[in-house]
Amino acid sequence: MHFVQAKGILSAQNGMNLYRGCSHGCIYCDSRSKCYHMDHAFEDVEVKENALSLLEDALRRKRERCMLSTGSMTDPYIPLESELGYVRGALALADRFGFGFTLITKSARVLRDLDLLRSINEKTKCVVQMTVTTCDEELCRKIEPNVSTTAERVEALHRLHEAGIPTVVWLSPILPYLNDTEENVRGVLERCAAAKVRGVVCFGMGLTLREGNREYFYAQLDRLFPGLKERYIREYGTQYVVSSPHNDELMRLFHGFCAEKDMMHDNDQIFAWLRRFEEKPEARQLSLFD
Ligand code: SF4
C-alpha cells in the first residue's frame, strides 16, 4: 500500500476510486490492462489519502443531489478497507448529505456497512452490485482466489435483500471452457432469483483480453489449467472480445430465465435505473419541515 494526494475525487459521472489496484487476485481482471496507466504494481494498492476531504468538499458544493458510485479500478472491499475505512467514510458522507450510492463488489465485507447502506436507502436509493461468475466453489477459489466465494456472496445478497437493499448481479466474465456451461449459467441465475436480485448485467458470454490483463490471465491459465492457454491462442489470437462458442444459446437462456423471473436483463435499463436519483416520499416530506 502507498498513499498519494489526489487533485480531485469525483468523475464527471460522479464515480470515485478511493483506491487504485486490488489484492483480490481475479485471474481475468481487466483493471490490470496497460491502458489504465497504473504506474505501480497492481497489488500495491494506491490510497488517495485526502479522498474523504475532497469528497466532503465536492458534495457540499454540488447544486443537485445524485447517485454516487465507486469506480472499477479496485474492489471497494479489499482487506485494506477493514483497516482504513475509506469506503465507510464515503458512505457516511453520502448519508449525511442525502446522496444516493451504488457500489460493485465481490466481497461479503460489504455487510459491515449495512447500517449506512440502509440509512441511505431509507432516504434515497442505495444499490449493491455483486459479481457472480460461477456456482462451483472450487473453480471460484481458483479464478477469484482472495475474495468471498460464490456461496458467501449469495448469502450476502440474501442478507441485503432482507435489509431492504436492492441488488444487481454482474454475470461477468464467462470464461470459455471453464464456466460457459448451461448448468453454470442456470445455477447463477437461480441463485439470483432466490435472493430477489433486481437485475442481472451481462455483456455476452465471454471476456475481454488486452495488453496487461492478457499476459496475467495466460500466466494463471498455465498455472491452474495447463494447456488451456494454447487453446485460447489458437481460437482467439489477439482478439479483444473472447466470446464463448456457446454464447448464443447461453444468451437465450439468460434472457428467457430473467424475463420469467421478472429480473431486469437489459443493460441500458439497469444502468439508467442505477443512475437515477430517487428521493423516498417519506424523506421528501421530512425535508419540507427542515
Ligand atoms: S475484484 Fe475486481 S478489481 Fe479486484 S482483482 Fe477482481 S476483477 Fe480486479
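Residues 49 to 338, numbered by the working numbering, are exactly what the sequence shown covers, in order. We put the CB at the ideal spot given by N, CA and C, even for glycine.
- Within the same chain, Cβ atoms closer than 6 Å to the Cβ of residue 288 are found at 256 and 258, the five residues on either side in sequence being excluded.
- Short note on residue 195: C-beta closer than 7 Å to some heavy atom of ligand 1.
- Burial check for residue 83: the Cβ neighbour count within 10 Å stays below 16, so the residue is exposed.
- Taken through DSSP and simplified to helix, strand or coil, residue 319 comes out as helix.
- Measuring C-alpha to C-alpha distances from residue 76 to each of 188, 107 and 297 identifies 188 as the nearest.
- Proximity to residue 144 across 152, 253, 91 and 104 peaks at 104, based on C-alpha coordinates.
- Taking 7 Å as the cut-off, the C-beta of residue 101 does not count as close to any heavy atom of ligand 1.
- Beta-bridge analysis with DSSP links residue 117 to 63 and 150.
- When only Cα atoms are considered, residue 52 and residue 96 end up about 5 Å apart.
- In this structure residue 302 is in contact with residue 237, their Cβ atoms being roughly 7 Å apart against a cut-off of 8 Å.
- Proximity of the beta carbon of residue 73 to ligand 1 is indicated: a heavy atom of the ligand is located closer than 7 Å.
- Around the CB of residue 192, 16 or more other CB atoms lie within 10 Å, so the residue is classed as buried.
- Shown here, residue 258 sits in coil according to DSSP, grouped into three states, outside any helix or strand.
- Taking the Cα positions, residue 169 is about 48 Å away from residue 275.
- Residue burial is scored here from C-beta neighbours: residue 129 has at least 16 other C-beta atoms within 10 angstroms and is therefore classed as buried.
- In chain order, 113, 171 and 172 place their CB closer than 7 Å to the CB of residue 146, counting only its own chain and leaving out the 5 sequence neighbours on each side.
- Around the beta carbon of residue 61, fewer than 16 other beta carbons sit within 10 angstroms, so the residue counts as exposed.
- Selection 49, 240, 253 and 233 evaluated against residue 200 yields 240 as nearest (Cα-Cα).
- For residue 326, the three-state secondary structure derived from DSSP is coil.
- Residue 68 carries a strand assignment under DSSP once its states are collapsed to helix, strand and coil.
- Here residue 78 has 256 and 261 as same chain residues with Cβ atoms under 7 Å from its own Cβ, once five neighbours each way along the sequence are excluded.
- Rounded to the nearest whole angstrom, the C-alpha separation of residue 70 and residue 331 is 36 Å.
- Taking the Cα of residue 151 as reference, the smallest distance to any Cα among 219, 133 and 215 is reached at 215.
- Taken from the Cβ of residue 70, at least one heavy atom of ligand 1 lies inside 7 Å.
- A distance criterion of 7 Å places the beta-carbon of residue 77 in contact range of ligand 1, judged by its closest non-hydrogen atom.
- Judged by beta-carbon spacing, residue 176 lies beyond the 8 Å limit of residue 219, meaning their Cβ atoms are not closer than that value.
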